[in-house]
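Taking it in order: structure first as structure tokens, then the write-up.
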Amino acid sequence: MELKEKIKKDSILARKNKKEIEYSTLNYLLALILNKEKEKRFNIVKKQGPAQENIDKKSQLTDDEIVDLIFSEIKKRKESQGFFKRGKRDDLVQKEEGEIKVLEKYIPPQLTDDEIEGIVKEIIDRTGANSLKDMGKTMGLVIPKIKGRADGLRVSEIVKKSILEKSCKPE
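In the working numbering, each residue's number is its place in the sequence shown (first place is 1) plus 7.
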């Protein structure tokens, strides 16, 4: 089943079961998806003209694009949690946590740090990266392999740590 359809069905179910946080979060997500599709459609029409065939189909977001959108929303909520914690607003921290849990149901299973380290070390060995100057090149190769399965900040920290460990080892 397409991810967008699954979200729609889950939203309807959440409404029927009176799960307020789940329903509002999924409804918000569906609105974001719709806005992104409108934006995509506008860009297609702007570049190729309105007489485009299958414009509705071409403007639909792919599952990967929806997952990227969900990751973006999770990141925003985690940032908000930090602000709410500093402001001692535990009620809002809990609300954000509930929304994060709802959104996490729609992303692929996340890699563990050990799995990420394995991928990073393989790429570092293959490219010969040995200083922080090589971090951008290494990240450029790591990100496509783990796209959607790990937080970019976490990956960046592991790449940095792995490169520093390699550069400090005597050969």
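Where a beta carbon is used, it is the ideal one built from N, C-alpha and C, also for glycine.
Worksheet entry | Cβ-Cβ distance between L171 and L139 below 9 Å | yes
Discussion item. Among the candidates A157, V74, E104, D75, whose CA atom is the shortest distance from the CA of E86?
Written reply: E104
Discussion item. Using only CA atoms, which one of I131, G143, R156, Y113 lies nearest to S174?
Written reply: I131
Worksheet entry | Burial state of I19, where buried means 16 or more other Cβ atoms lie within 10 Å | exposed
Fill in: K144 beta carbon less than 9 Å from that of A136
yes
Worksheet item: With respect to the alpha helix (DSSP H) encompassing G135, which residues constitute its N-terminal and C-terminal limits?
Response: Where G135 is concerned, there is no enclosing alpha helix (DSSP H), given that its DSSP letter is neither H nor E.
Fill in: Closest Cα partner of I153 within the set F90, R133, P116, S169
P116
Discussion item. Just to confirm before moving on: does the CB-CB distance between D75 and G155 stay below 9 Å?
Written reply: yes
Discussion item. Between which two residues does the alpha helix (DSSP H) holding Y35 run?
Written reply: 27-55
Fill in: Whole-angstrom distance between G89 and Q67, CA atom to CA atom
34 Å
Practice prompt. Counting only the same chain and skipping the five closest in sequence on each side, list residues whose C-beta sits under 8 Å from that of K28.
Written response: Checking the sequence shown, residue 28 turns out to be Ile, not Lys. Closer than 8 Å at the Cβ level, and outside the excluded window around I28, lie K102, G105, E106, V109.
Item to complete: Below 6 Å CB to CB, which residues in the same chain sit around D70 once its five sequence neighbours on both sides are set aside?
Response: L10
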